[in-house]
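Numbering (our numbering), first residue to last: 390 to 702. Every residue, glycine too, gets a C-beta built ideally from N, C-alpha and C. The model shown is predicted, which means the values in this text are computed figures rather than measured ones. The structure appears below as structure tokens.
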């Protein structure tokens, strides 16, 4: 049974929110285990590549047989080299490395607010500049609530930096990761990229650039790694969950959501993630729910209620 565009967009939005919410809890829990941030990023790319590279090769093979022009990266990416490199850099490498590194400094509750909460802000600014979108009054109110919520959470850790705390480093990494994901979102919308092809392209770029460089660097001892000592079941779990779940499934559903709702409304919808992931952090990770964190979550939730409202005709 074929879903209508509205039903397909709603289904992909629900899947994206659920995967992103659990991603924050799992990534924070992973910081307490054996693997280092770049190790997790490496396994994420390997897991996604095992699914998407054969898929990309099959698409390019069919495209060559029909006489159409192939993509790039020796036929592994279905997109031109320039778009492949830009989307791969923003939507895969920079985003993943900053996210996993941030969890080694800041708790999951901070990521719950600062990452999805910052997405609407960055995406709105980029969409105004590059897509010439209009900022409605309701969306402006929503963005203001989200910014205030981010300041309540991130500002508190910045003040503690004067006492020698390191939580602010993770908060800054989360904000920067949200900015790079917003760049990727706007690129997807601007070039009207197919969801599957865009996800294959960013994975192909990461496999061709980061994987060999990181493998050589760890083998030569230039960067620290725990890949040689970590339990096999932990590495397999990270490859499957981070690669197949967070990249393949949520990558495609997020792109479908962008095509249906647009980049700004899509990132407004993902502002539902803070409440769900913060609740998961309290239940599964025993993280405390402070007053400023609760207030930040409330403001971000109010921001989503204003931001996703359709403008009056």
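Element boundaries [alpha helix (DSSP H), containing residue 678]: First-last for residue 678: undefined, no H or E at that position.
Coarse secondary structure for residue 393, derived from DSSP in three states: In the structure shown, residue 393 sits in coil (DSSP, three-state: anything other than H, G, I, E or B).
Run of the alpha helix (DSSP H) containing residue 444, from where it starts to where it stops: Unbroken alpha helix (DSSP H) run through residue 444: 426-454.
Local Cβ density within 10 Å of residue 509, reported as buried at 16 or more and exposed below that: Classified as buried, residue 509 has 16 or more neighbouring CB atoms from the shown chains inside 10 Å of its CB.
Proximity to residue 504 [Cα-Cα], best of 567, 633, 400 and 659: Proximity to residue 504 across 567, 633, 400 and 659 peaks at 567, based on C-alpha coordinates.
In DSSP terms, what residue 466 is bridged to: BP columns for residue 466 point to 461.
DSSP-derived helix/strand/coil call for residue 583: Here residue 583 sits in coil by DSSP.
Inter-residue Cα distance where the pair is residue 581 and residue 592: Their backbone Cα atoms lie some 18 Å apart in a straight line.
Simplified DSSP state of residue 539, which is helix, strand or coil: Helix, per DSSP.
Within 8 Å, strictly: CB atoms of residue 490 and residue 594: Cβ distance not < 8 Å, so residue 490 and residue 594 don't count as in contact.
Cut-off 8 Å between Cβ atoms - residues of its own chain near residue 632, not counting five sequence neighbours on either side: Cβ within range, chain order: 432, 433, 434, 435, 436, 437, 438, 439 and 440.
Whole-angstrom C-beta distance between residue 675 and residue 588, which should lie under 8 Å: 34 Å between Cβ atoms; not a contact.
Any alpha helix (DSSP H) of 4 or more consecutive residues that is wholly inside the region 593-662: Whole alpha helix (DSSP H) segments, 4+ residues: 621-627, 639-650 and 652-658.
Alpha-carbon spacing of residue 699 relative to residue 484, whole angstroms: A caution first: residue 699 carries a pLDDT of 49, below 50, which makes its placement in the model too unreliable to give a value.
Alpha-carbon to alpha-carbon, residue 690 and residue 538: If I take the Cα positions, the gap works out to 9 Å.
Helix, strand or coil at residue 560 according to DSSP, with G and I counted as helix: DSSP places residue 560 in helix when its eight states are reduced to three.
Cα-Cα separation, residue 428 to residue 615: Answer to the nearest angstrom: the Cα atoms are 7 Å apart.
Span of the alpha helix (DSSP H), counted from its first residue to its last, around residue 499: 497-515 is the extent of the alpha helix (DSSP H) around residue 499.
Distance CB(residue 655)-CB(residue 574) smaller than 8 Å: A contact, by the Cβ cut-off of 8 Å.
Residue 405, DSSP secondary structure in three states: Residue 405 falls in the helix class under three-state DSSP.
Alpha carbon of residue 482 to alpha carbon of residue 662, nearest angstrom: Between residue 482 and residue 662, the C-alpha separation is close to 22 Å.
Rounded C-alpha distance that separates residue 677 from residue 497: Cα-Cα distance, rounded: 10 Å.
Cut-off 8 Å between Cβ atoms - residues of its own chain near residue 688, not counting five sequence neighbours on either side: Excluding five sequence positions before and after residue 688, the CB atoms of its chain that fall closer than 8 Å to its own CB belong to 534, 535, 537, 538 and 541, given in chain order.
Cβ neighbours of residue 506 in the same chain (closer than 7 Å, five flanking residues each side left out): These residues qualify, in order along the chain: 535, 538, 539, 660, 663 and 689.
For residue 702, three-class secondary structure by DSSP: In this predicted model, residue 702 has a pLDDT of only 43, less than 50, meaning its place in the structure is not dependable enough to derive any value.
Cα-Cα separation between residue 418 and residue 453, rounded to whole angstroms: Across the structure, residue 418 and residue 453 are spaced so that their CA atoms are roughly 44 Å apart.
Where residue 524 sits in the DSSP three-state scheme: Three-state DSSP puts residue 524 in coil, outside helix and strand.
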